[in-house]
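Structure record follows, encoded as structure tokens.
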Amino acid sequence: RNESVGENDILYITEGNERYEPRRLKSGVGISGKVIDSGKTLMIKDVSQAGGVNVHFGSGNKVQSVLAAPLRLRDKVIGMIAAESYLVNAYTDEERILLEMLASHAATALESARLYRETQRRLLELESLVKASRVLSQTMELEQLLQGILDSAREAIPEAEKGSILLLNAKEQLQIRATSGY
């Protein structure tokens, strides 16, 4: 579930040995929309009897059975996981329970990965602040101070390939006082 756009990103799609490109669907569309919006497991024993359900990825084979479970994190549905079969009545209640357990573990693992990335980002920010404070306390030279601040800022923002600090001079013109990455 992509909350920022209110749609569902289908990130990992496989059929046989083929992996398909990720795609985005509007909320409520398709099996993913039904499962994510309802928060309930969906088991379709015979797609031809399900009324308007069509699951097809490109091989020409028609999916006959679907089992899909929501990825739930506390009271929030963050996505879903599904299995499809070319056979009618392919899934049992035991397999439904197994997929629901797998979905629960997957949701926890995804949240753990997100929290880990967030923690790493915060740690990098804190390390940069500590380094910047050391630079600030160790020098009274303006050029060294500015260079240290700029280097710390670039470390805190790993995507920044270059950076500079410009200050107004006595003539109120911008003057480059520190650069990094040029």
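When you line the sequence shown up against the working numbering, it's residues 1004 to 1185, in that order. Positions of the beta carbon are idealized from the N, C-alpha and C atoms, including for glycine.
For residue i, three-class secondary structure by DSSP
| i | result |
| --- | --- |
| D1012 | strand |
| S1030 | coil |
| G1036 | helix |
| A1135 | helix |
| R1022 | strand |
| R1117 | helix |
| R1004 | coil |
Nearest to residue i (by Cα), restricted to the options the options
| i | options | result |
| --- | --- | --- |
| G1031 | N1020, N1011 and S1155 | N1011 |
| A1085 | E1006, G1033 and S1167 | G1033 |
| L1129 | V1091, A1159, Y1015 and Y1094 | A1159 |
| E1144 | A1173, A1163, A1181 and A1112 | A1181 |
| E1018 | T1122, S1136 and Y1089 | Y1089 |
| L1169 | V1008, R1027 and I1179 | I1179 |
| T1044 | K1134, L1105, Q1123 and N1172 | L1105 |
| K1079 | V1133, V1038 and Q1123 | V1038 |
Straight-line Cα distance separating residue j from residue i
| i | j | result |
| --- | --- | --- |
| V1050 | L1118 | 38 Å |
| G1184 | R1125 | 23 Å |
| Q1067 | S1035 | 16 Å |
| R1099 | E1006 | 27 Å |
| I1016 | E1087 | 11 Å |
| S1131 | A1156 | 7 Å |
| R1120 | E1162 | 15 Å |
| V1058 | V1091 | 13 Å |
| L1139 | D1154 | 12 Å |
| M1046 | L1070 | 5 Å |
| R1027 | S1136 | 44 Å |
| K1029 | G1009 | 7 Å |
| K1048 | G1082 | 22 Å |
| G1054 | D1096 | 22 Å |
| I1013 | R1004 | 9 Å |
Requested in this report: With a floor of 3 residues, list each beta strand (DSSP E) that falls wholly inside the segment 1041-1115, ordered by position along the chain.
Outcome: 1045-1047, 1068-1076 and 1079-1088
Query raised in the report: Counting pairs of Cβ atoms below 8 Å between the segment 1066-1083 and the segment 1019-1026, do you hit three or more?
Result: no
Requested in this report: Please list the segments of the beta strand (DSSP E) lying wholly inside the segment 1120-1176, counting only runs of 3 or more residues, in order along the chain.
Outcome: 1166-1171
Report task. Please confirm if the segment 1104-1112 is in contact with the segment 1145-1153, defined as three or more CB-CB distances below 8 Å between the two stretches. Result -> no
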